[in-house]
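Asks: Just so you know, we're using my numbering here: the sequence shown kicks off at 6 and counts up by one. We put the CB at the ideal spot given by N, CA and C, even for glycine. As the structure is a computational prediction, the values presented were derived from the model and not from experiment.
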Amino acid sequence: MTAKIEASEYANVMEFKKDFILMCNNATTYNRPETIYYKEAKRLLHLGIRQLSKEKLLHLKKTQSFLSSITLQELGFDESGHVIVEQTPSTQVKVDNQPRPADEP
6 MTAKIEASEY ANVMEFKKDF ILMCNNATTY NRPETIYYKE AKRLLHLGIR QLSKEKLLHL
66 KKTQSFLSSI TLQELGFDES GHVIVEQTPS TQVKVDNQPR PADEP
């Protein structure tokens with residue numbers, strides 16, 4: 006994810022969010038529930054989902070001057086505030102507690 010940020014490979018925040026969720030899901034899929042990796046992945050997932058929510062991002066855009074120049078499209082929304090990242094079977098992410106196989110971002 007760091008390499009993708011440095012290479013400007015994310016078109017918008019929603020693409021980053023998709024990889025973030027995938028990373029957390031991978032950690033909970035491939036680590037046992039009693040491990041720190043699993044527990045921290047769950048904690049990070051819930052925190053990240055909250056911080057990268059549509060409502061939070063739009064609120065931050067309105068209230069933080071350094072975010073005011075970011076377009077809705079860069080946040081991953083169309084002009085009416087709907088998410089514009091399409092979810093295809095190969096890019097769908099799962100945000101529940103059930104383990105699943107996952108692709109690398």
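#1: Buried or exposed for ILE26, please, with buried defined as at least 16 other CB atoms from any protein chain shown within 10 angstroms of its CB.
#2: By Cβ distance, which residues of its chain are closer than 7 Å to THR33, with the 5 residues on each side in sequence left out?
#3: Between ASN31 and GLY81, is the Cβ-Cβ spacing less than 8 Å?
#4: So which of ASP24, ILE10 and ALA12 has the shortest CA-CA distance to GLY53?
#5: Do you know offhand how far MET28's Cα is from THR40's?
Replies: Quick answer:
#1: Position 21 of the sequence shown, counted from the start, is the residue given in the question as residue 26. Looking at its Cβ environment, which holds 16 or more other Cβ atoms inside 10 Å, ILE26 is buried.
#2: In the sequence shown, the residue the question calls residue 33 occupies position 28. The answer, listed in chain order, is TYR43, ALA46, LYS47 and PRO104.
#3: As a position in the sequence shown, residue 31 is number 26, starting the count at 1. As a position in the sequence shown, residue 81 is number 76, starting the count at 1. No, the Cβ-Cβ distance between ASN31 and GLY81 is not below 8 Å.
#4: Here residue 53 refers to the residue found at position 48 when the sequence shown is read from its first residue. Among ASP24, ILE10 and ALA12, the Cα nearest to that of GLY53 is on ASP24.
#5: Here residue 28 is taken as the residue at index 23 of the sequence shown, counted from 1. Here residue 40 is taken as the residue at index 35 of the sequence shown, counted from 1. Going from the Cα of MET28 to the Cα of THR40 covers about 16 Å.
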